[in-house]
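Here is the structure we will look at.
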Amino acid sequence: MTEEKLSFQAEVSRLLDIVVHSLYSNKEIFLRELISNASDACDRLRYAAITQPELTAGDGQFAIRILADATARTLTVVDNGIGMNRQDLIDNLGTIARSGTANFLGHLTGDARKDVALIGQFGVGFYSAFMVADRVEVITRRAGEEMGWRWESDGKGEFTVAESPEAGRGARIVLHLREGEDEFLQPYRLRQIVKTYSDHIGLPIIIVEDGKDNVANTASALWTRAKGEITAEQYKEFYHHVAHAFDEPWLTIHYKAEGAIEYAGLLFVPRARPFDLFHPERRQHVKLYVKRVFITDDCEELLPAYLRFMRGIVDSQDLPLNVSREMLQHNPVLAKIRAGLVKRVLGELKKKAEESQEDYAVFWEAFGAVLKEGLYEDFERRNEILELCRFRTTKSDAPVSLGEYVARMKDGQEAIFTITGDDPAALRKSPQLEGFMARDVEVLLLTDPIDEFWGSAVTDYQGKPFRSVAQAGTDLGKIKKPEASEEAEPPAGELSSLIAAFKLALGDAVKDVRRSERLTDSAVCLVADDGEMSMHLERLLRQHRQVDAVAPRILELNPSHPLIRRLAEKTSQEGMGEALGDMAHLLLDQARIVEGESVPDAAGFARRFAAMLEKGLG
Ligand SMILES: Nc1ncnc2c1ncn2[C@@H]1O[C@H](COP(=O)(O)OP(=O)(O)OP(=O)(O)O)[C@@H](O)[C@H]1O
Ligand SMILES: [Mg+2]
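Every letter in the sequence shown is one number past the one before it in our numbering, and letter 238, counting from 1, is 224.
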């Protein structure tokens, strides 16, 4: 029987190095991780056995057994789940799959003290066994396969794999405990850990004591129990298990739907963003069960992508047990469950929003950008989602609802004004906002990429249209300007000849040159013409190489700005000189820079700028 020696993938070695040398205090979580793996393995076999009943022939009762051997100083966790074959062992225990552990590695800082603390925060799955063991064996046989395998390692960079004909179906994880870890050989201690972390596991966890089997957990699927019987701690531990997460759930939703279709839902809104939230696949993670049998955690039909931050389970009584992937698509029962879930989740979010603005702000900060995708994708529930939206504005850094915004709109204000960009602080300095600030008109600061898209799907809120302040046609006319801000302007004739001169000088570099209604302090700014893509969206698409052209924009001149007044006067007196051409280009480039755009002709800009400075020296 040949024994192969293989090396761990680099990341695994790095992880093991931290785990093995960790002075992590709460080591007991290793048992939670091993039990969670065993439970997942049984869930996966139970599902596979629906279509291949022979896989569990003669051994259909799933259980997890924990055996402590004080003489050998070993602690063994045994499950009769799906098990692993040679390749599984190499792929799953030799490399880091996409899991909580990968997330752990993603958060390493290199500062040992901080990194060790991360162990508790992220859990490191199977490898946490090396916190208490200096050697680990895995004796396993994959269900339906003849040969069993034995994996062994001391956690120092290498592991061995060899055939193990006597291995039973499932996995037997043998931990050879380190000096000083004898507490984990005490049945009462093991019972305590199971009760603390794994009581929600839906199958019996048996601690063998003096040859007798003692079931240490309640062993019934948590969601089937009455809400009143379940503690917040148990809900939290279930969330940790089902979501492979380690934060506190922000919201727990546990209910049974009865009537035409029957299902139970135990759902959680995390507090922290799961690491794959913005993964292009936009996968949802709620697990589908049928009559308490785990079916899949990859059921796109269960929840829309804009609720993909949800975690938890849905257990349907109506779907057939041998439901296949194909049957899930366009399945009327599933469609009803989905509609019920969306209604429930949005309803609960609404309740939370009404209960506490501060607490709702925590949710919004984490998942607002995802929920807003629903504005674009879910026509039916658009208004409901709009009510749940919160925005930073020019008047408030705390998230504001549209209802609050509309309630404090100015006389004569007929639209909800918005501005899009990357960062609220930079946006607040945008010249396009000046006229609005001067009239004390509040503007929504939209800084999530999705904000550039839902605008095209959502036309208004309570009849009030959304209007971008960086769009040409946005009219401030009807909103009274405070007296004090009335500034002298050049005679209309002078301004129009300046505008004509600018148009001549700038040619195709601009779409148009116009008098501005929205500037008070800045001399110029750029705006997009009506119906045109916003400058911010164009920049986003350029960053993602989806467009490369830079569309010419409208250059607006602030008639009351001293520079513009002087230029208008000078132009009307002396007509269009070379200097004016340079001025026009410099002002256009300045507007581009303020907009966060690059200057297309940097050399030209530099030359003109130097010339102006020189002139400035008289
Ligand atoms: N008892 C077991 N039976 C069968 N496969 C197992 C068992 N324990 C672990 N595995 C396999 O090894 C993989 C790695 O386990 P590990 O606990 O490190 O990660 P995970 O469970 O996938 O995610 P997490 O980091 O959230 O625990 C599992 O995904 C599974 O494929
Ligand atoms: Mg695990």
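Positions of the beta carbon are idealized from the N, C-alpha and C atoms, including for glycine.
Alpha carbon of residue i to alpha carbon of residue j, nearest angstrom
{"i": "ARG578", "j": "ILE436", "result": "23 Å"}
{"i": "TYR174", "j": "GLU223", "result": "20 Å"}
{"i": "ALA596", "j": "LEU549", "result": "18 Å"}
{"i": "ALA231", "j": "GLU286", "result": "20 Å"}
{"i": "ALA207", "j": "PRO318", "result": "26 Å"}
{"i": "LEU79", "j": "ARG30", "result": "18 Å"}
{"i": "SER454", "j": "MET395", "result": "15 Å"}
{"i": "CYS28", "j": "LEU374", "result": "39 Å"}
{"i": "ILE125", "j": "ASP26", "result": "17 Å"}
{"i": "ASP568", "j": "PHE488", "result": "10 Å"}
{"i": "LYS329", "j": "GLN315", "result": "20 Å"}
{"i": "LEU527", "j": "GLU518", "result": "14 Å"}
{"i": "SER483", "j": "PRO266", "result": "51 Å"}
{"i": "LEU2", "j": "LYS142", "result": "7 Å"}
{"i": "VAL580", "j": "PRO256", "result": "38 Å"}
{"i": "ARG59", "j": "ALA24", "result": "21 Å"}
{"i": "GLU560", "j": "VAL510", "result": "22 Å"}
{"i": "SER546", "j": "GLU503", "result": "10 Å"}
{"i": "GLU131", "j": "PRO39", "result": "14 Å"}
{"i": "PHE280", "j": "ASP304", "result": "14 Å"}
Residue i in three-state terms, based on DSSP
{"i": "GLY298", "result": "strand"}
{"i": "CYS511", "result": "strand"}
{"i": "SER387", "result": "coil"}
{"i": "GLY604", "result": "coil"}
{"i": "GLU(-11)", "result": "strand"}
{"i": "THR81", "result": "coil"}
{"i": "ILE159", "result": "strand"}
{"i": "ARG376", "result": "coil"}
{"i": "PRO417", "result": "helix"}
{"i": "PRO451", "result": "strand"}
{"i": "SER139", "result": "strand"}
{"i": "PHE264", "result": "coil"}
{"i": "LEU481", "result": "helix"}
{"i": "ASN200", "result": "strand"}
Residue j beta carbon less than 7 Å from that of residue i
{"i": "LEU372", "j": "GLY421", "result": "no"}
{"i": "ARG368", "j": "PRO410", "result": "no"}
{"i": "HIS571", "j": "ARG594", "result": "yes"}
{"i": "LYS381", "j": "GLU428", "result": "yes"}
{"i": "GLN161", "j": "ALA49", "result": "Per the sequence presented here, residue 161 reads as Leu, with Gln not at that position. Not closer than 7 Å, so no."}
{"i": "ILE21", "j": "SER184", "result": "yes"}
{"i": "VAL147", "j": "LEU75", "result": "yes"}
{"i": "ASP45", "j": "ASN66", "result": "yes"}
Local Cβ density within 10 Å of residue i, reported as buried at 16 or more and exposed below that
{"i": "SER139", "result": "buried"}
{"i": "GLU438", "result": "buried"}
{"i": "MET313", "result": "exposed"}
{"i": "PHE353", "result": "buried"}
{"i": "PHE358", "result": "What sits at residue 358 in the sequence shown is Lys, not Phe. The residue in question, LYS358, is buried, as its Cβ has 16 or more Cβ neighbours within 10 Å."}
{"i": "MET133", "result": "exposed"}
{"i": "SER(-7)", "result": "exposed"}
{"i": "LYS13", "result": "buried"}
{"i": "THR(-12)", "result": "exposed"}
{"i": "ARG525", "result": "buried"}
{"i": "SER302", "result": "buried"}
{"i": "ARG659", "result": "Only positions -13 to 604 of the chain appear in the structure, and residue 659 is not among them; the question remains open."}
{"i": "ALA339", "result": "buried"}
{"i": "SER416", "result": "buried"}
{"i": "MET598", "result": "exposed"}
Chain-order list of residues whose beta-carbon lies under 8 Å from that of residue i (same chain, five-residue window excluded)
{"i": "GLU19", "result": "GLY109, VAL110, GLY111, PHE112, SER114 and ALA115"}
{"i": "ARG500", "result": "ALA458, ILE485, ILE540, LEU541, GLU542 and LEU543"}
{"i": "ALA412", "result": "GLY582"}
{"i": "ASP397", "result": "ILE465 and LYS466"}
{"i": "LEU492", "result": "VAL499, LEU541, ALA570, HIS571 and LEU574"}
Contacts around residue i, its chain only, beta-carbon distance under 7 Å, and the 5 residues preceding and following it disregarded
{"i": "ARG324", "result": "GLU287, LEU288 and LEU289"}
{"i": "VAL228", "result": "LYS273, ARG297, GLY298 and ILE299"}
{"i": "LYS242", "result": "ALA250"}
{"i": "LYS213", "result": "HIS240"}
Own chain, CB closer than 6 Å to residue i, minus 5 neighbours either side, in chain order
{"i": "TYR362", "result": "PHE439, TRP440 and ALA443"}
{"i": "ALA202", "result": "ARG177, VAL180, ILE191 and ILE193"}
{"i": "LEU253", "result": "ILE239, MET296 and GLY298"}
{"i": "ALA54", "result": "LEU61 and LEU171"}
{"i": "ALA34", "result": "LEU41"}
{"i": "GLU234", "result": "ARG257"}
{"i": "GLY156", "result": "ASP65, ASN66, GLY67 and GLY69"}
{"i": "TRP236", "result": "VAL255, ARG257 and PHE349"}
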